[in-house]
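Quick note on numbering: the sequence shown equals residues 195 to 789 in the working numbering.
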Amino acid sequence: MMHKIPVLRLKDRRIKDRRWRGAASSQKFGLRWICAYLSVLLVGELAGLSFSASVAASGAEHEGLCPNKLNSNLWVDAQSTCERECNFDEDCADFEKCCTNVCGLNSCVAARFSDGTPAQPGGRGGGKGDDAPASTATCEGFICSQQGATCDIWNGQPICKCQDRCEKEPNFTCASDGLTYFNRCYMDAEACIRGVTLTVVTCRFYLAGPHTSPLPQDTTAYPTPTSSQEDPMPPTLYSNPHHQSIYVGGTVNFHCDVIGVPRPDITWEKQSERRERLVMRPDQMYGNVVITNIGQLVIYNAQVWDTGIYTCIARNSAGVLRADYPLSVIRRADDDFSEDPEMPMGRPFSPADCLAEVDLRVCSGERHVDWYYDSKLGTCIAFSNGGCDDSRNRFETYEECKASCQREGMGVCFLPAVQGPCKSWEARWAWNSIMKQCQAFAYGGCHGNANSFLTKKECEANCPQAKRKPCKTCRVKGKMVSSLCRSDFAIVGRLTELVEELDSGLARFTLEEVLRDEKMGLTFFNTKHLEVTIAKIDWSCPCPNITMDENPLLVMGVVQDGMAIIQSDSYVRAITERRLKKLREVLVKKACEAS
């Protein structure tokens, strides 16, 4: 099922006659009367204008501003359509502006004025001035038969126009056209724009958004074999992720349709050679990438450097899931400047070529993004190709790399757990590559993947955990007192939740005592709970070694941008009366200020 990307404002469009062919004859007569009336007014206005004046005005910039110039949160035409393209204001109606949209192009949208009001079709906006003509026309008793149309006063006459504003609160609505809309208002507006009738149908699955109300009566929740929604269930994918290939300039989307109890939080990352990865969150734009409120990743005007693996990370209190979505952005044939990698060498491709080192040198001024097989990771990785032809370990698409080098069975344990759409429930086990252990999940009976085993023993036999060297003792930067003086905060608290991510995590504490706080105002605001970010941690040998324990912990760390952070060398220990007494003495004597 496709999904409309929600926007804060809809396009200002009036209903056109061709969309009213099925309307009642009385309604058609009313529209013809209005058109005739407007034609008379238009002829009267044009009679007083000279030909030269009209020519001079044809290329003039229209009044008002683009919506995104007034408010950066107003995304122009962000419903995955990016229709009504334009180059200049003169390509649009008089009351519209040619504005940039999220596709990297331009679209005609109603102009806005300094007070935020939309332009009126008469060419004026921004409220009523003192010299505005008085009008006694009202919408009382005027009926708009088209779904999604509302009455508005235009040049002193009531007319029907498509509604251009919808509330921000999500209430996902399944419609008869097979689409799921952000709420009922968006469905009605789409029906008006298309001149059709759309009805609400029972959702096959209910997509919950942020801050949603309880499930409507006519919807069904995602199917789970659990007897109660209170039973925790780790995140599980509803369908398998798949590779996509598009040409430069195209639009592509990946939907991380994950389920779990409680509802998992979804973030996205793009895999790269850099250690620091950008975490992309819902309802945000990152260049030409948009993450929608339902966890869908949309890339507009794709370029070759958008090639790579986009990773969806879903987590809740019951577990965490990682799913990879590869993307290949390909130049069209007449733009290609590289040939098939098999041709220059003059010999057939050999499996040994998959073990060759990737050639990262720069041999020409042209650079593009290709794929190579990483034998250590057992998967295909995107890289920047500098035009060197010495290595055979390079491929244009992810699928070509996978077919040439990734043997059957390899990488099975790195696949996410997939439930599938069927309802023949049975318990299965899948290897969780993040948690490094086999995890139970509910399998629906169809459209799963190979990471689905009948027993835990079978799972562990096929996906054995690599033998690790004994973990070294965690070392802190200094002793307890010096760590206290160097830290931005020091608290005594009980760990209530620990969330493990790829190379970081979150620890949530119930505070028992705030010993030191330089930047967060915990005592001033009487804060009872604190969320601490764990930066750059290896969960196979975690430092600091925080585990779920009922005993209170002494935690010291730093504050960056208002966020509490502990690092591998931060002081985290079980609290004792002796340690607590020592710290209180140091604070009373203000020893940290003297040092």
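Even for Gly, the Cβ is constructed at its ideal location relative to N, Cα and C.
By the Cβ rule, the region 569 to 580 counts as touching the region 548 to 555, because three or more pairs are nearer than 8 Å. Residue pairing of Glu620 in beta bridges, as defined by DSSP: Tyr637.
Taken through DSSP and simplified to helix, strand or coil, Ala385 comes out as helix. In the three-state reduction of the DSSP assignment, Cys657 falls in the coil class, being assigned neither a helical nor a strand state. Residue pairing for Trp733: DSSP places it in no beta bridge.
Cβ-Cβ distances below 8 Å link Gln613 to Thr430, Leu431, Tyr432, Ile453, Phe635, Ala636, Tyr637, Gly638, Gly642 in the same chain, with the five nearest sequence neighbours on each side left out; the list follows chain order. When DSSP reads this structure, Lys673 sits in no beta bridge, so it has no partner. By the Cβ-count criterion, Arg509 is buried, with 16 or more other Cβ atoms from all chains shown falling within 10 Å of its own Cβ.
In this structure, Cys360 places its C-beta atom within 8 Å of the C-beta atom of Cys379. No Cβ-Cβ contact shorter than 8 Å links Arg561 with Val442.
Less than 8 Å separates the beta-carbon of Glu257 from that of Ala305. In this model, Thr505 and Ala546 are separated by some 29 Å (Cα to Cα). Spatial neighbours of Asp763 in its own chain (CB-CB distance under 7 Å, excluding positions within 5 residues in sequence) are listed in chain order as Arg669, Val670, Lys671.
According to the DSSP assignment, Cys506 belongs to the beta strand (DSSP E) that extends over 502 to 510.
Where Glu593 is concerned, there is no enclosing beta strand (DSSP E), although the alpha helix (DSSP H) around it starts and stops at 592 to 599. Check the Cα spacing between Arg767 and each of Gly572, Ser558, Val675: the tightest is with Val675. Under the DSSP assignment, Glu463 falls outside any alpha helix (DSSP H), being part of the beta strand (DSSP E) whose first and last residues are 459 to 464.
In the three-state reduction of the DSSP assignment, Ala785 falls in the helix class, which pools H, G and I.
Distance from the CA of Met750 to the CA of Val446, rounded to the nearest whole angstrom, comes to 44 Å.
A straight line joining the alpha-carbon of His436 with that of Cys574 spans about 14 Å.
Residue pairing by DSSP places Phe683 opposite Asp711, Gly751 in a beta bridge. Measuring C-alpha to C-alpha distances from Leu705 to each of Thr721, Lys713, Val455, Ile337 identifies Thr721 as the nearest. Nearest to Trp462 by C-alpha distance, out of Ala655, Val492, Leu648, Met427, is Val492. The continuous beta strand (DSSP E) containing Tyr519 extends over residues 513 to 524. By the neighbour-count definition (other C-beta atoms within 10 Å, threshold 16), Gly335 is an exposed residue. For Leu392, the number of other beta carbons within 10 angstroms of its own is at least 16, and it is reported as buried.
Assignment of Tyr765 by DSSP, reduced to helix, strand and coil, places it in the coil class.
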